[in-house]
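Please read the structure below before turning to the comments.
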């Protein structure tokens, strides 16, 4: 028994400790897209730096960083939601990066003013509708979705989604706390079904005739249009998209971004990775393959995003949104938004 | 004087010293998470907890109760019904079905759930086919909306009914034929004798089976998360991670524990003094009834349904997806994933069985009430949902880490960043807490076959404890050791919530990868990992069947 135990433990040590002295960068990422794997591989190829990735929900990654404190192996935190980066900064989990990495290329709107984090891509939370059942002139802004006209026709995913949480913080900033609660209650009243599934599912629900309008992140429409599954392409082809609040504060834009971990053991490599992700080449690849909007001005857009055209963005800073994140969760729960 | 008496008392308590200390330590380690959770009740609640109480807790309670009520009903009907038909009637395919009905046990509920969701998706091959070929309006879903509370009940029932099937079949087959024949001679129809004789007698066994089902339901995170059903486990994740409030997460874990304890208590009360063994003497196997041709065919169709829906269809779907995606998904990192899972399972089963041996053997050497209580407590972990174990372990380990910190700083090596709480050790510790009971029960059954008189005569001939164990017990316990180890191995392979929380840096398992792909709506890509988990899980399912039939022959 003892020898058996010994052998197993030794096998563990050999398998799970990296004995090589190779340059590495350790990434905690909540992005789960295929394009990321390809980009990180490209980075390794170019620099010879090996990338270790831990993928998990960003809240779990943040809790993990907190628990690990200054002993964390993480160098870079990548999230698919801007608010999480603001929270990570607030909790002292990030450190300032060299300003010339992002400061000179990323517009102030999409990065932390102290350079603790930077956006990598933008995604718009817009409306998807079935043109046969909805007249575009009836669509205006997020607020008007609570009107009686949309009763039983609205589709949106659960309040667990960070995209919805950050959208709600922007509504809190625009309408105040009470106004946001009423808005959330109005949306719940108009839901075609209890929230389930992800953004893509909401679009499929429209195709299935369950509802007529859905709140969806822009890049999911791009992914549907380019799906391997011909039926998914067929579903996407039946839909139109609408950018809300164009006559007011603009459509809600969230970022996916990166920050340098406060106690990064491979700080330099972490910076190089972020730098690479902000390069024109990487930015265009993400736009082309994942249909997110690049944060780098002047980066080329794929045809689909060109076709959707330019639009007015809500310019409220993510910093001010971040402070309402706890409130957003509670508002959702009070409104009964599952 | 006082001290001397105290020492004498202690010595009498802890005979077989070294061994007892070991098992004491093992048991204590395992009870730690329980203590952590109970302690939280004595601390002031946070604002977040108030929020949970005012707007979420009743929902969790309601959903959890509806889930377990539904799963209890579903598994009872499917498990007991099929067991009765298989034991009492002759019909085509009976022999095959009698073991095939166990197979769903090899598919974890969450994998079954997202496979079915993928099969019944609006853009799935089936729905597309129905629309295109028959211009049939499928809507978003046929029959039921799978991604819902009702859907979760259906999937839980389909994946967990084997627990009830196994105990009911064992009971019905071991029933004395005399009993049923007496019922028949008194003019009872088979249906009447089922409800009036067999069911009441089998009740304790069936309820025990259903209790296992309920534990699995309350433990689940993957399925309810995927189906959008908010329960205690999803609440623990949400409090801990989304709200960043450990205290609230612990408190929720405490309440979940209360629910679990109530269920265990209810099971104990209903069982009373009933025992599961057969009536002595007059045992003879039942003669199964023949049926009219049409009835026999109807029976085999009906009895096949749980097997087809719970195992065959999802299995074939996953196999088909594996064929489609294996070339993309299966690469070097996938092999590493598999190695991680298998090594983890193997290490957990070795540590689990070692702990079980230590505790059970010292219980044999030192038959005090105290030892007995301790051993029972240390097997409580199986009733603790994975998320509860994870939080109960992470907190003390984080404390240990901050205590160890100055010591590690002193060491000459580059150990500054080492943490117990995010190491494989933490994971193995958690598995030990959660799965010790699996190995323990297996080994206990093995020990029941070794008479105490063997130990006594060995001792009278001057054999040491160690020698008695190695030369007398070990050869006799080989089968139960292997069996228990195998069960732990498979449980670890399937485990999700605990592994999600405690996995070390850069360390993924098959279950985690499958779940990640699935939650990202890439169910097809999740198939290769899921399939390996299922194929491994089939091994103990086969063995369980053999065990059951051997007993009967």
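Chains as they are written, first to last, in our numbering: chain A, 564 to 901; chain B, -16 to 536.
Beta carbons are placed, not taken as given, at the ideal position from N, Cα and C, and that holds for glycine.
Please tell me whether residue 66 of chain B and residue 142 of chain B are closer than 7 angstroms, where the distance is taken between their beta carbons. Their beta carbons are not under 7 angstroms apart, which means residue 66 of chain B does not touch residue 142 of chain B by this criterion.
So, are the CB atoms of residue 144 of chain B and residue 61 of chain B less than 7 angstroms apart? Yes, the pair counts as a contact, with Cβ atoms nearer than the cut-off.
Identify the contact partners of residue 760 of chain A in chain B, using a Cβ-Cβ distance below 7 angstroms as the criterion. Residues of chain B passing the Cβ test: 130.
Chain-ordered residues of the stretch 583 to 609 of chain A with a beta carbon less than 8 angstroms from chain B: Correct list: 589 and 595.
What span of residues does the alpha helix (DSSP H) with residue 423 of chain B cover, start to end? Going by DSSP, residue 423 of chain B is part of the alpha helix (DSSP H) stretching over 407 to 431.
What is the rounded straight-line gap between the Cα of residue 851 of chain A and the Cα of residue 407 of chain B? Rounded to whole angstroms, the separation of the alpha carbons of residue 407 of chain B and residue 851 of chain A is 39 angstroms.
Give me the DSSP bridge partner(s) of residue 591 of chain A. Bridge partners of residue 591 of chain A according to DSSP: A:617 and A:640.
Pull up the distance between the alpha-carbon of residue 234 of chain B and that of residue 20 of chain B, whole angstroms please. Residue 234 of chain B and residue 20 of chain B have their alpha carbons spaced roughly 7 angstroms apart.
Sequence-distant residues of its chain with Cβ nearer than 7 angstroms to residue 805 of chain A (five each side left out): Non-local beta-carbon contacts of residue 805 of chain A in its own chain, meaning distances under 7 angstroms to residues more than five positions away in sequence, involve 689, 690, 692, 699 and 702 in chain order.
Is the shortest distance between the beta-carbon of residue 893 of chain A and the beta-carbons of chain B less than 7 angstroms? With 7 angstroms as the cut-off, residue 893 of chain A counts as an interface residue toward chain B.
The stretch 291 to 308 of chain B: which residues have C-beta closer than 8 angstroms to a C-beta of chain A, in chain order? From the stretch 291 to 308 of chain B, no residue has a Cβ closer than 8 angstroms to chain A.
DSSP three-state assignment for residue 712 of chain A, whether helix, strand or coil: The answer is helix: DSSP assigns residue 712 of chain A an H, G or I state.
So what does residue 876 of chain A bridge to, in DSSP terms? Note: residue 876 of chain A is bridge-paired with A:814 in the DSSP secondary-structure output.
Are there 16 or more other CB atoms within 10 angstroms of the CB of residue 236 of chain B, so buried, or fewer, so exposed? By the 10 Å Cβ count, residue 236 of chain B comes out buried.
Please confirm whether residue 888 of chain A has its beta-carbon closer than 7 angstroms to some beta-carbon of chain B. Judged by the 7 angstroms Cβ criterion, residue 888 of chain A is not in contact with chain B.
Which residues in chain B have a C-beta closer than 8 angstroms to the C-beta of residue 757 of chain A? List them in chain order. Annotation: Cβ neighbours of residue 757 of chain A in chain B (cutoff 8 angstroms, chain order): 131 and 211.
Could you have a look at residue 482 of chain B and say whether DSSP puts it in helix, strand or coil? Correct three-state label for residue 482 of chain B: helix.
Can you check whether the C-beta of residue 630 of chain A is within less than 7 angstroms of a C-beta belonging to chain B? Answer yes: the Cβ-Cβ gap between residue 630 of chain A and chain B drops below 7 angstroms somewhere.
C-beta contact flag for residue 585 of chain A and residue 613 of chain A at 7 angstroms: Using a Cβ distance threshold of 7 angstroms, residue 585 of chain A and residue 613 of chain A count as a contacting pair.
Taking only runs that begin and end inside the stretch 190 to 228 of chain B, name each unbroken alpha helix (DSSP H) of 4 or more residues, in chain order. If only complete runs of 4 or more residues are kept, the stretch 190 to 228 of chain B shows the alpha helix (DSSP H) at 205 to 210 and 215 to 220, in order along the chain.
CB contact below 7 angstroms: residue 438 of chain B versus chain A: It does not; no Cβ of chain A falls within 7 angstroms.
To which residues of the same chain is residue 751 of chain A closer than 8 angstroms at the C-beta, ignoring the five residues directly before and after it? The residues are 898, 899 and 900.
Member of A:730, A:789 and A:717 whose CA lies at the smallest distance from the CA of residue 758 of chain A: It is A:717.
Contact criterion: CB-CB distance below 7 angstroms. Does residue 898 of chain A meet it with respect to chain B? Chain B contact via Cβ: absent.
According to DSSP, which residues form a beta bridge with residue 692 of chain A? According to DSSP, residue 692 of chain A bridges with A:776 and A:803.
Taking CB distances under 7 angstroms as the criterion, tell me whether residue 264 of chain B reaches chain A. Caution is warranted here: a pLDDT of 46 is assigned to residue 264 of chain B, below 50, making its placement in the model unreliable, and the coordinate value is therefore given only provisionally. Look at residue 264 of chain B: its C-beta is not under 7 angstroms from any C-beta on chain A.
So with Cβ pairs under 7 angstroms, would you call residue 712 of chain A a contact of chain B? Taking 7 angstroms as the CB threshold, residue 712 of chain A stays off the interface with chain B.
Below-7 angstroms beta-carbon distance, residue 623 of chain A vs any chain B residue: Interface residue, yes.
Is residue 605 of chain A helix, strand or coil when you go by DSSP? Judged by DSSP in its simplified three-state form, residue 605 of chain A adopts helix.
DSSP on residue 255 of chain B, reduced to helix/strand/coil? Residue 255 of chain B: coil per DSSP, three-state reduction.
Does residue 721 of chain A have its Cβ less than 7 angstroms from a Cβ in chain B? Answer yes: the Cβ-Cβ gap between residue 721 of chain A and chain B drops below 7 angstroms somewhere.
Local conformation of residue 658 of chain A per DSSP, three classes: Three-state result, residue 658 of chain A: strand.
Beta carbon of residue 891 of chain A nearer than 7 angstroms to that of residue 728 of chain A: With a cutoff of 7 angstroms on beta-carbon distance, residue 891 of chain A and residue 728 of chain A are scored as near each other.
C-alpha distance - residue 262 of chain B paired with residue 157 of chain B, whole-angstrom precision: Legend: pLDDT at residue 262 of chain B = 47, less than 50; position of this residue unreliable, value from coordinates given subsequently. Each residue's Cα considered, the two are about 9 angstroms apart.
Output yes if chain A places a C-beta closer than 7 angstroms to the C-beta of residue 314 of chain B; else output no. By this cut-off, residue 314 of chain B is not an interface position.
Is it true that the CB of residue 215 of chain B sits closer than 7 angstroms to the CB of residue 31 of chain B? Contact check for residue 31 of chain B against residue 215 of chain B fails: the beta carbons are separated by 7 angstroms or more.
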